[in-house]
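Chemist: First residue of the sequence shown: 154, per our numbering; consecutive thereafter. Using N, Cα and C, we set each Cβ at its ideal position, and we do this for glycine too. None of the values given here were measured: they were computed from a predicted structure. The structure is given below, and queries will be raised subsequently.
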Amino acid sequence: MMKKMSMSTSKTSLVLFLCQIISALDVPLDSKLLEELSQPPTITQQSPKDYIVDPRENIVIQCEAKGKPPPSFSWTRNGTHFDIDKDAQVTMKPNSGTLVINIMNGGKAEAYEGVYQCTARNERGAAVSNNIVIRPSRSPLWTKEKLEPNHVREGDSLVLHCRPPVGLPPPIIFWMDNAFQRLPQSERVSQGLNGDLYFSNVQPEDTREDYICYARFNHTQTIQQKQPISVKVFSTKPVTERQPVLLTPTGSTSTKVELRGNVLLLECIAAGLPTPVIRWIKEGGELPANRTFFENFKKTLKIIDVSEADSGNYKCIARNALGSVHHVISVTVKAAPYWITAPRNLVLSPGEDGTLICRANGSPKPSISWLANGVPIAIAPEDPSRKVDGDTIIFSHVQERSSAVYQCNASNEYGYLLANAFVNVLAEPPRILTPANKLYQVIADSPALLDCAYFGSPKPEIEWFKGVKGSILRGNEYVFHDNGTLEIPVAQKSNAGTYTCVARNELGKIQNEVQLEIKDPTMIIKQPEYKVIQRYGQVSFECIIKHDSTLLPTVTWLKDNDELPDDERFLVGKDNLTIMNVTDKDDGTYTCIVNTTLDSVSASAVLTVVAAPPTPAIIYARPNPPFDLELTGQLERSIDLSWIPGDENNSPITSFVVEFEDALHEPGVWRYQTEVPGTQTMAQLKLSPYVNYSFRVIAVNRIGRSQPSEPSEQYLTKSASPDENPANVQGIGSEPDNLVITWEPLKGFQSNGPGLQYKVSWRQKDVDDEWTSVIVANVSKYIVSGTPTFVPYEVKVQALNDLGYAPEPSEVIGHSGEDLPMVAPGNVQVHVINSTLAKVHWDPVPLKSVRGHLQGYKVYYWKVQSLSRRSRRHIEKKILTFRGNKTFGMLPGLEPYSSYKLNVRVVNGKGEGPASPDKVFKTPEGVPSSPSFLKITNPTLDSLTLEWGSPTHPNGVLTSYTLKFQPINNTHELGPLVEIRIPANESSLILKNLNYSTRYKFYFNAQTSVGSGSQITEEAVTIMDEAGILRPAVGAGKAMASRQVDIATQGWFIGLMCAVALLILILLIVCFIRRNKGGKYPVKEKEDAHADPEIQPMKEDDGTFGEYSDAEDHKPLKKGSRTPSDRTVKKEDSDDSLVDYGEGVNGQFNEDGSFIGQYSGKKEKEPAEGNESSEAPSPVNAMNSFV
154 MMKKMSMSTS KTSLVLFLCQ IISALDVPLD SKLLEELSQP PTITQQSPKD YIVDPRENIV
214 IQCEAKGKPP PSFSWTRNGT HFDIDKDAQV TMKPNSGTLV INIMNGGKAE AYEGVYQCTA
274 RNERGAAVSN NIVIRPSRSP LWTKEKLEPN HVREGDSLVL HCRPPVGLPP PIIFWMDNAF
334 QRLPQSERVS QGLNGDLYFS NVQPEDTRED YICYARFNHT QTIQQKQPIS VKVFSTKPVT
394 ERQPVLLTPT GSTSTKVELR GNVLLLECIA AGLPTPVIRW IKEGGELPAN RTFFENFKKT
454 LKIIDVSEAD SGNYKCIARN ALGSVHHVIS VTVKAAPYWI TAPRNLVLSP GEDGTLICRA
514 NGSPKPSISW LANGVPIAIA PEDPSRKVDG DTIIFSHVQE RSSAVYQCNA SNEYGYLLAN
574 AFVNVLAEPP RILTPANKLY QVIADSPALL DCAYFGSPKP EIEWFKGVKG SILRGNEYVF
634 HDNGTLEIPV AQKSNAGTYT CVARNELGKI QNEVQLEIKD PTMIIKQPEY KVIQRYGQVS
694 FECIIKHDST LLPTVTWLKD NDELPDDERF LVGKDNLTIM NVTDKDDGTY TCIVNTTLDS
754 VSASAVLTVV AAPPTPAIIY ARPNPPFDLE LTGQLERSID LSWIPGDENN SPITSFVVEF
814 EDALHEPGVW RYQTEVPGTQ TMAQLKLSPY VNYSFRVIAV NRIGRSQPSE PSEQYLTKSA
874 SPDENPANVQ GIGSEPDNLV ITWEPLKGFQ SNGPGLQYKV SWRQKDVDDE WTSVIVANVS
934 KYIVSGTPTF VPYEVKVQAL NDLGYAPEPS EVIGHSGEDL PMVAPGNVQV HVINSTLAKV
994 HWDPVPLKSV RGHLQGYKVY YWKVQSLSRR SRRHIEKKIL TFRGNKTFGM LPGLEPYSSY
1054 KLNVRVVNGK GEGPASPDKV FKTPEGVPSS PSFLKITNPT LDSLTLEWGS PTHPNGVLTS
1114 YTLKFQPINN THELGPLVEI RIPANESSLI LKNLNYSTRY KFYFNAQTSV GSGSQITEEA
1174 VTIMDEAGIL RPAVGAGKAM ASRQVDIATQ GWFIGLMCAV ALLILILLIV CFIRRNKGGK
1234 YPVKEKEDAH ADPEIQPMKE DDGTFGEYSD AEDHKPLKKG SRTPSDRTVK KEDSDDSLVD
1294 YGEGVNGQFN EDGSFIGQYS GKKEKEPAEG NESSEAPSPV NAMNSFV
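Listed below in structure tokens is the structure:
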């Protein structure tokens, strides 16, 4: 007996027909078996329930069914039998139940209005179709009416009524003018759902006489026109503004009922001046995200795919600057019946049990009724095996006569559902579907799966035997699958042989034999080994195998997991691979792969190429160009080119490069043709049609390339149709309603002949459309207009010329143009992580609403106000972009204790979609910034006044300030630290009980409930006591304390004071003598009028005095001057001098000898630099007090 070879079960997908372990049978999808089994009728195709037909065309009412034997068909009309044989206009298609009513040859569609139902019947039962209501479409004319002109005052509202004729189906309404141009609509002027044209307020430009309402009846492709309406607007000054009033709907409330799954449309149109703006809300809830759309300038609320959850009160609010008005629409969503569990066909064996379940839901809840073979089950023939329990029929101990088709009808006031489900009781002896004597071949130690696909009713039992008279197989070494398959998990040589599968039930028994062969595994007994070879040497890899004698192995060699180079140096033998004249590019991994029909093995080795040993210096150069090029063997698509190599110049020629010139299309341009090994001096060249060829050859060695040879003679090939089509074909829309098809045009030599053109074809993907094609030339782009927005298209571009077409091109998938997304992301949620970071989540936008390639989402967020200052500022929006279909993102860099808003928008290639509703979130408090300033003023002996500014960024509610300070001594050491807590509403503080003439360092910061902010530091010095002579410098201190010296205790200072006292004493003596000679000299009065000169503060670095300015000269103080090293005061540094009182050069006296100059014309002294404290007595005045 012939044995059928098969692949190993490990490589072949097995069709395992699993029998359900339940009461119902599962019929295998075997075409021969299905043709033999009896089956009740099943309706496969029928016309829609509400069937509106064109009264000008034949009426076709579909009814197709299948069954075994093939079913017969009958019809009822309006509940009674429809005898089609008595009506010459009605025919039924052969082998079908489809009716054709001939209207085009005299019949009238109105005569065939009614409710039709089809019944398909055979010996096993009867299936029925839905009730098909036939109604011809109607497009009646507009009734004649006299239309008076509308005279309207500017600013008033106006409604132009359309009132179209009632048609079937209802017409589509639109307004146009006499020029057939659509009338512009806006927030002020718009068309309502009923077709009327509403003006919220009329303007002078609304005056016209051609407001025309059109009704388009799509079913009959007709358009009806209403008589033109005239509107004249007269102006009155001033125009009175009016608060909103609703034009539709009227009143404050209304109701609306919509069915589940439909589109809910709610409308509010308002009058008013200025034009009101409409806003929609749902009381006690939110509008459903991703299903809500606003149309007609937000006057229409549209919710798609409504469900019971969408019931509720919807409020529209119309608002302008003068007020608002609202209307509440109470929406109730009802539901026509819809399936929860539709009844399914049931195949049973005699004596088995089963159930048919029919469960539906709706609002109101639908009632369930059963029919048997199209007859109400209450009056159908009785079946003792059948029991009806509400929505379930229970079958017990069925017999063949129990076969029937049952109809379940679920209906309420909004519609009905009708489903057919048959009960097919089969009594069939066992059948084995696996071919007889099927051969299975398995490698040893691999699993073996032996099939025994079967069918029978009742379900057969399966047993396996080995050998013709062997015992039944049992034990752990076998696995028995429910579908009849026998599995041997680890097949051994001893498992080879004949296996018998036996299927039996009460109606019979059948068996089938299959063959199992166990093969030896394929092995590589000598593997290739790692090799190191010098350049230009020879290397060989071995691959010796052992395999089953009945299997034919094939050996394949790979280099770096790719095919071997197409090079004659690579020689593949039976058991080895040899590489001649090894070069650096031969370096890599070589793999030997052995395949049989049942298994595969492989082994690899690495080849490393190294440099050859050094040789005496030889001059290497590029080769000389080849010469004597000759063309032979000229054919239409090939030619032989031969040449003589030039001198190789001590470096072997590794290859020859052949180039060609096309003098017909690209004269002067040389292109690569092929490359052959350096051992060849001839090449067979493939040619293209319609090319005027010239060839040249370039020799290559390891030094470089030679100069090209002289060109060969020219050879012109004949024309032919193109061999290839344009590459890089793309279909990308540039606008929402177009598709731009682009391609890379063929080069001249690819045209294969004159008259190159392109056939551009396209059709919408997944739609049963024919290809649309155009033929273009000299372009690489074609634009298809009028396409739907962003739908996939199949696109192909085929080249053709005067001799014919190129091969059929492959199709590419493109998309028509993108448009802005329609829907905003929904369910936007913000989770505040800390005071500067938040995480935002959103629901992705449905891909259909993206209307383009989804590029990502943009999050717009901005700070509304700081919660600590309650002051608004300029809003600076920030944008974060999240690529791809990401549904969350982090918002960094937020300001603490602030109120933010954000929204999310989806982005496609066209741009951004609408923004989601603004989401408000607040950041918690953080630590504040440092105080804006710290100023220390009014130093006294034991106190300092501190003033400060609140932090620029409080980042929360300030709870207090913390002041820390400590003294700094002369050695720059820090003293004990004192800390003071200050209420947050204070802005100054007087520190008392401080040490005089002491430098203090201050640390100041602010606190919120979160913690302390960064601190600001300053330094200041208290002034000396009354014995001191200097005022301290108070200002912004440094971190390192400046050195301070108590000069009153210094020896040099005491000596200086004594010298000054002596000079003053001498001056008084001289003045006394001069007074006695020249009369009275009122020195005392002069001195009383003489203001104490100011002094510079002691230098911070060394404690020396600054220079003192002469009062008359009124010069600015010199900076950086120092006292002499001998600690004496120079003459010019003194506040007073003998010139002022004696015979100095600059001294001047009155007639009575009194001194003038310093004591006359005295100017107000300028304050000393850097001294902001109160004036201290000068050293000179201090000494005067002693005299």
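Determine the DSSP secondary structure at residue 1207, reduced to helix, strand or coil.
Modeler: Numbered from 1 along the sequence shown, position 1054 holds the residue referred to as residue 1207. Residue 1207: helix per DSSP, three-state reduction.
Chemist: Looking only at its chain, what residues have a beta carbon closer than 7 Å to the beta carbon of residue 854, apart from the 5 residues adjacent to it on each side?
Modeler: Position 701 of the sequence shown holds residue 854. Only 775, 776, 801, 804, 805, 806 and 807 meet the Cβ criterion.
Chemist: Using DSSP's beta-bridge definition, name the partner residues of residue 683.
Modeler: The residue given as residue 683 occupies position 530 in the sequence shown. None; residue 683 has no bridge partner.
Chemist: Label residue 824 either buried or exposed according to how many other C-beta atoms from any shown protein chain fall within 10 Å of its C-beta, with 16 as the threshold for buried.
Modeler: Here residue 824 refers to the residue found at position 671 of the sequence shown. By the 10 Å Cβ count, residue 824 comes out exposed.
Chemist: Can you give the beta carbon distance from residue 865 to residue 958, rounded, assuming they're within the 8 Å contact cut?
Modeler: Counting from 1 along the sequence shown, the entry for residue 865 is found at position 712. Counting from 1 along the sequence shown, the entry for residue 958 is found at position 805. Residue 865 to residue 958, Cβ: 33 Å. No contact.
Chemist: Reducing DSSP to helix, strand and coil, say where residue 265 ends up.
Modeler: Mapped onto the sequence shown, residue 265 falls at position 112. Note: residue 265 maps to helix in three-state DSSP.
Chemist: So is residue 241 buried or exposed if we call it buried at 16+ other beta carbons inside 10 Å?
Modeler: The residue given as residue 241 occupies position 88 in the sequence shown. Classification for residue 241: exposed.
Chemist: Quick check: residue 979 and residue 443, are their CB atoms within less than 7 Å of each other?
Modeler: In the sequence shown, the residue the question calls residue 979 occupies position 826. In the sequence shown, the residue the question calls residue 443 occupies position 290. Taking 7 Å as the Cβ cut-off, residue 979 and residue 443 qualify as a contacting pair.
Chemist: So what does residue 950 bridge to, in DSSP terms?
Modeler: Position 797 of the sequence shown holds residue 950. DSSP lists 913 as partners of residue 950.
Chemist: Please specify which runs of the beta strand (DSSP E), each continuous and at least 3 residues long, are wholly inside the region 1093-1138, giving them in chain order.
Modeler: Qualifying beta strand (DSSP E) stretches, in chain order: 1097-1104, 1113-1121 and 1131-1136.
Chemist: Grouping DSSP H, G and I as helix and E and B as strand, with all else coil, what is residue 771?
Modeler: Along the sequence shown, one-based indexing puts residue 771 at 618. Coil, per DSSP.
Chemist: With a threshold of 8 Å on Cβ separation, who are the neighbours of residue 545 within its own chain once the five nearest residues in sequence on each side are excluded?
Modeler: Start at 1 with the first residue of the sequence shown, and residue 545 comes out as number 392. So the list reads 508, 509, 510 and 511, once near-sequence residues are dropped.
Chemist: Check residue 356 in the structure and name its three-state DSSP category.
Modeler: Looking up residue 356 in the sequence shown gives position 203. In this structure, residue 356 counts as coil in the three-state DSSP scheme.
Chemist: Given that a residue counts as buried once 16 or more other Cβ atoms are within 10 Å of its Cβ, and exposed if not, what is residue 350?
Modeler: As a position in the sequence shown, residue 350 is number 197, starting the count at 1. It counts as buried.
Chemist: Counting along the chain, where does the alpha helix (DSSP H) carrying residue 1002 start and finish?
Modeler: Here residue 1002 refers to the residue found at position 849 when the sequence shown is read from its first residue. That run of the alpha helix (DSSP H) goes 1000-1003.
Chemist: What beta strand (DSSP E) runs, 3 residues minimum, are completely inside the region 458-504?
Modeler: Taking only runs of at least 3 residues, the beta strand (DSSP E) segments lying wholly in the region 458-504 are 465-473, 476-494 and 499-501.
Chemist: Which same chain residues end up closer than 6 Å to residue 730 when comparing Cβ atoms and leaving out the 5 residues on each side of it in sequence?
Modeler: Taking the sequence shown and counting its residues from 1, the one referred to as residue 730 is at position 577. Once the five neighbours on either side are set aside, the close Cβ partners of residue 730 are 694 and 710.
Chemist: Since residue 308 and residue 354 are thought to touch, with beta carbons under 8 Å apart, how far apart are those beta carbons, to the nearest angstrom?
Modeler: Numbered from its first residue, the sequence shown carries residue 308 at position 155. Numbered from its first residue, the sequence shown carries residue 354 at position 201. Right, the Cβ-Cβ distance comes to about 5 Å (below 8 Å), so this counts as a contact.
Chemist: Would you give the residue range spanned by the beta strand (DSSP E) that residue 220 belongs to?
Modeler: The residue you call residue 220 lines up with position 67 of the sequence shown. Residues 216-221.
Chemist: Assuming contact is defined by CB atoms lying nearer than 7 Å, are residue 816 and residue 899 in contact in what I supplied?
Modeler: For the purposes of this step, residue 816 is taken as the residue at position 663 of the sequence shown. For the purposes of this step, residue 899 is taken as the residue at position 746 of the sequence shown. It is not a contact, given that the beta carbons lie outside the stated cut-off.
Chemist: Which value, in whole angstroms, describes the spacing of the CA atoms of residue 687 and residue 722?
Modeler: Position 534 of the sequence shown, counting from 1, holds the residue named residue 687. Position 569 of the sequence shown, counting from 1, holds the residue named residue 722. Answer to the nearest angstrom: the Cα atoms are 15 Å apart.
Chemist: Helix, strand or coil: how does DSSP classify residue 1215 here?
Modeler: Position 1062 of the sequence shown, counting from 1, holds the residue named residue 1215. Correct three-state label for residue 1215: helix.
Chemist: Do you know offhand how far residue 646's Cα is from residue 635's?
Modeler: Taking the first residue of the sequence shown as position 1, residue 646 is located at position 493. Taking the first residue of the sequence shown as position 1, residue 635 is located at position 482. Cα-Cα distance, rounded: 26 Å.
Chemist: Does DSSP classify residue 1056 as helix, strand or coil?
Modeler: Sequence index remark: in the sequence shown, residue 1056 carries index 903 (1-based). Looking at residue 1056 - three-state DSSP - the assignment turns out to be strand.
Chemist: Look at residue 1033 and residue 1059 and say whether their C-beta atoms are less than 7 Å apart.
Modeler: On the sequence shown, residue 1033 is found 880 positions in, with the first residue counted as 1. On the sequence shown, residue 1059 is found 906 positions in, with the first residue counted as 1. Not in contact: residue 1033 and residue 1059 (Cβ atoms no closer than 7 Å).
Chemist: Taking the alpha-carbon of residue 897 as reference, which of 533, 884 and 1075 has the nearest alpha-carbon?
Modeler: For the purposes of this step, residue 897 is taken as residue 744 along the sequence shown, with counting starting at 1. That would be 884, whose Cα lies nearest to the Cα of residue 897.
Chemist: Checking 7 Å against the spacing of the C-beta atoms, do residue 1118 and residue 1155 come in under that value?
Modeler: Sequence index remark: in the sequence shown, residue 1118 carries index 965 (1-based). Sequence index remark: in the sequence shown, residue 1155 carries index 1002 (1-based). It is a contact, given that the beta carbons lie within the stated cut-off.
Chemist: Rounded to the nearest angstrom, what separates residue 1170 and residue 1008 at their Cα positions?
Modeler: On the sequence shown, residue 1170 is found 1017 positions in, with the first residue counted as 1. On the sequence shown, residue 1008 is found 855 positions in, with the first residue counted as 1. Distance between the alpha carbons of residue 1170 and residue 1008 is about 51 Å.
Chemist: In the DSSP assignment, what are the bridge partners of residue 1047?
Modeler: If you number the sequence shown from 1, residue 1047 lands on position 894. In DSSP, residue 1047 forms no bridge with anything.
Chemist: Looking only at C-alpha atoms, which of 838, 871, 889 and 736 sits nearest to residue 955?
Modeler: As a position in the sequence shown, residue 955 is number 802, starting the count at 1. Out of 838, 871, 889 and 736, 871 has the C-alpha closest to the C-alpha of residue 955.
Chemist: For residue 809, count neighbouring Cβ atoms within 10 angstroms of its own Cβ and tell me buried if that reaches 16, exposed if not.
Modeler: Your numbering for residue 809 matches position 656 in the sequence shown. The residue in question, residue 809, is buried, as its Cβ has 16 or more Cβ neighbours within 10 Å.
Chemist: What does the alpha-carbon distance come out to for the pair residue 945 and residue 889?
Modeler: Within the sequence shown, the letter at position 792 stands for residue 945. Within the sequence shown, the letter at position 736 stands for residue 889. The alpha-carbon atoms of residue 945 and residue 889 are separated by roughly 13 Å.
Chemist: Using alpha carbons as the reference points, say which of 920, 922 and 876 lies closest to residue 906.
Modeler: If you number the sequence shown from 1, residue 906 lands on position 753. Here the closest residue by C-alpha is 876.
Chemist: Considering only C-alpha positions, which residue in the set 607, 276 and 685 is nearest to residue 656?
Modeler: Mapped onto the sequence shown, residue 656 falls at position 503. The shortest Cα separation from residue 656 among 607, 276 and 685 belongs to 607.
Chemist: Can you grab the Cα-Cα spacing for the pair residue 577 / residue 192, in whole Å?
Modeler: Sequence index remark: in the sequence shown, residue 577 carries index 424 (1-based). Sequence index remark: in the sequence shown, residue 192 carries index 39 (1-based). Those two C-alpha atoms are separated by around 6 Å.
Chemist: Which stretch, first to last residue, makes up the beta strand (DSSP E) that contains residue 1009?
Modeler: One-based indexing of the sequence shown puts residue 1009 at position 856. It spans 1007-1019 - the beta strand (DSSP E) in which residue 1009 sits, taken as one unbroken run.
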